[in-house]
Amino acid sequence: MRFPDDVPVLTDGVVRLRAPRVDDVAATVEMNSDAETRRWNAVQVPYRVEDARQALTERIPAGWRNGELWTWVIETDGRYAGAVVLSGGESGVGSIGFTTHPAARGRGVATRGARLAVAYAFDVLGWNRVTWGAFVGNWGSRRVAWRVGFRHLVTAYGGGIGRGERLDEWIASIGRDDERGPAHPWWEVPVVETDRFRLRAYRDSDVERTIEFSNDQLSLHWLSMIPQPFGHAEAERYLASRYEGLASGDRVSWVIADPVSDEMLGDVSIAGLLREGGGELGYCAHPAARGLGLVTAAVGRVIEQAFLPVDQGGLGRRRLELVAARGNLASIKVALSNGFTQTGVRRAADRRRDGSYEDLLTFDLLSEER
Ligand SMILES: CC(C)(COP(=O)(O)OP(=O)(O)OC[C@H]1O[C@@H](n2cnc3c(N)ncnc32)[C@H](O)[C@@H]1OP(=O)(O)O)[C@@H](O)C(=O)NCCC(=O)NCCS
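The opening position of the sequence shown corresponds to residue 1 in the UniProt record's numbering, with each subsequent residue numbered one higher.
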């Protein structure tokens, strides 16, 4: 293939993918010197004009000529907005990378650019699968990948090298016959305001209250999965797992917050949301907020959200389940007060920290029962 004459121009009417040019040097240096780019991409530091010139005049043209690396500049309104690159392709599997210029972020540039490149990989290069990878925590990139249709996400621990060290990496892929769009929901947390409490998403400032809750004797007694000791690192992992639940489509977690101070008083979560119409409810109260009927009321509002259709801002559930240890009378009370029916017993299924086992009672609630 001749460079740049044979490089295809791809457009969706909003962004335009074209061959990189020598006069992209300044924009390339700006983009690759940006702090976010450095944080998430393995770029040279410092990234100099000579580096950009070398890439634009040697590496990128050679990639097109040899059929090994397909790099486009993404333009919007005739201006440089970023770059997207396909690489590999041996045995029909290759990977994608993208970076948006700092001035063009948050406007769908990467999503549109990646969609066009993925279509090119399948329709022109004849690939069967495109993979995407990003360092764990790069939520912007993950969101782009999700929108484009990448799926089967796994975490490769220590799988990538960046910032001079081994970092954990997310890896996902899309096959040529997969739908070119989200494979599962990425939930938003609907905010519910009442006189007594607010239901809202977790935020970083919930760390301290999470630590308090997770070191409380009653919490530790009934929730044997809470790690001990539980400090800042564990709380941060817990908060990240709440966000992971939303992004993976598996779980929505609400903080029960004080309506005035916004301080965390408890949690209500629904997990198992990837199962069509189902969901498993879980709840807990901060030690200072127990015995006030707060969780019972908050669970009631969450149930309303759960049964509300998705197009009305709900979770579109048909039935909810929950389990409670036989001796956990407060938890059982919350379930019964909210109309749950006991359906059975999982004998000796719940491990206590002293190594003993207790029965778990199972409950469910159908949408028509509300
Ligand atoms: C990641 C990156 C390419 C995204 O580019 P972009 O043009 O802003 O992406 P888009 O506008 O198409 O989409 C970004 C989406 O991520 C969301 N997003 C951005 N930062 C986010 C964050 N911290 N948490 C959650 N979502 C986030 C945006 O809201 C947007 O969502 P939407 O589709 O619902 O509107 C860009 O931020 C970038 O260049 N970062 C540095 C380099 C990099 O990380 N490259 C990818 C390496 S794998």
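Idealized CB from N, CA, C, for every residue including glycine.
- Here the C-alpha atom of Thr343 lies approximately 17 angstroms from the C-alpha atom of Glu368.
- The beta carbon of Gly327 lies closer than 8 angstroms to those of Glu358 in the same chain, with the five residues before and after it left out.
- The DSSP-derived three-state label of Glu369 is helix.
- Per DSSP, the beta bridge partners of Tyr357 are Arg351.
- In the DSSP assignment, Arg200 falls within the beta strand (DSSP E) that extends over Arg198 to Arg200.
- DSSP, reduced to helix, strand and coil, places Ala285 within a strand of the structure shown.
- Here Arg107 is not near Gly149, since their CB atoms are 8 angstroms or more apart.
- The Cβ neighbour count for Thr155, taken over all protein chains shown within 10 Å, is under 16; the residue is labelled exposed.
- Around the beta carbon of Asp77, fewer than 16 other beta carbons sit within 10 angstroms, so the residue counts as exposed.
- Using a Cβ distance threshold of 8 angstroms, Phe230 and Ala298 do not count as a contacting pair.
- In this structure Ser95 is not in contact with Gly140, their Cβ atoms being roughly 18 angstroms apart against a cut-off of 8 angstroms.
- Taking the CA atoms as reference points, Gly97 sits about 13 angstroms from Gly89.
- C-alpha of Pro46 to C-alpha of Ala27: approximately 15 angstroms in a straight line.
- Remark: C-beta atoms of Leu246 and Gly279 do not approach each other more closely than 8 angstroms.
- Pairing Asn41 with Gly162, the inter-Cα distance amounts to about 7 angstroms.
- Under the 10 Å beta carbon count, Glu208 is surrounded by fewer than 16 other beta carbons and is classified as exposed.
- When distances are taken from the beta-carbon of Thr111 to the heavy atoms of ligand 1, the shortest one is below 7 angstroms.
- Taking 7 angstroms as the cut-off, one finds no heavy atom of ligand 1 near enough to the beta carbon of Ala156.
- DSSP places Tyr80 outside any alpha helix (DSSP H); the residue lies instead in the beta strand (DSSP E), whose first and last residues are Arg79 to Gly88.
- Around the beta carbon of Asp350, 16 or more other beta carbons lie within 10 angstroms, which makes this residue buried.
- In this structure, the alpha-carbon of Asp123 lies about 12 angstroms from that of Gly92.
- For Asp123, the enclosing alpha helix (DSSP H) begins and ends at Val109 to Asp123.
- Within 7 angstroms of the C-beta of Ser33 there is not a single heavy atom belonging to ligand 1.
- Between the alpha carbons of Thr57 and Val302 lies a gap of roughly 57 angstroms.
- In this structure, ligand 1 has a non-hydrogen atom nearer than 7 angstroms to the beta-carbon of Asn41.
- No heavy atom of ligand 1 is found nearer than 7 angstroms to the CB of Thr76.
- Restricting attention to Ile256, Pro4 and Asn138, the CA atom closest to the CA of Glu193 is found in Ile256.
- Ala110 and Thr100 have their C-alpha atoms roughly 6 angstroms apart.
- Going by DSSP, Phe213 is part of the alpha helix (DSSP H) stretching over Val207 to Ser214.
- Counting every other CB atom within 10 Å of its CB across the protein chains shown gives Met1 a total below 16, marking it as exposed.
- Note that the region 275-291 touches the region 214-229; at least 3 beta-carbon pairs, one per stretch, sit closer than 8 angstroms.
- Taking C-beta atoms as the reference points, Gly175 and Asp168 fail to come closer than 8 angstroms.
- Taking the Cα positions, Pro227 is about 8 angstroms away from Glu234.
- Counting along the chain, Gly160 sits inside the beta strand (DSSP E) bounded by residues Arg151 to Gly162.
- Secondary structure note for Val252: its beta strand (DSSP E) is the uninterrupted segment Val252 to Ala257.
- With contacts defined by Cβ atoms closer than 8 angstroms, Leu153 and Trp170 form a contacting pair.
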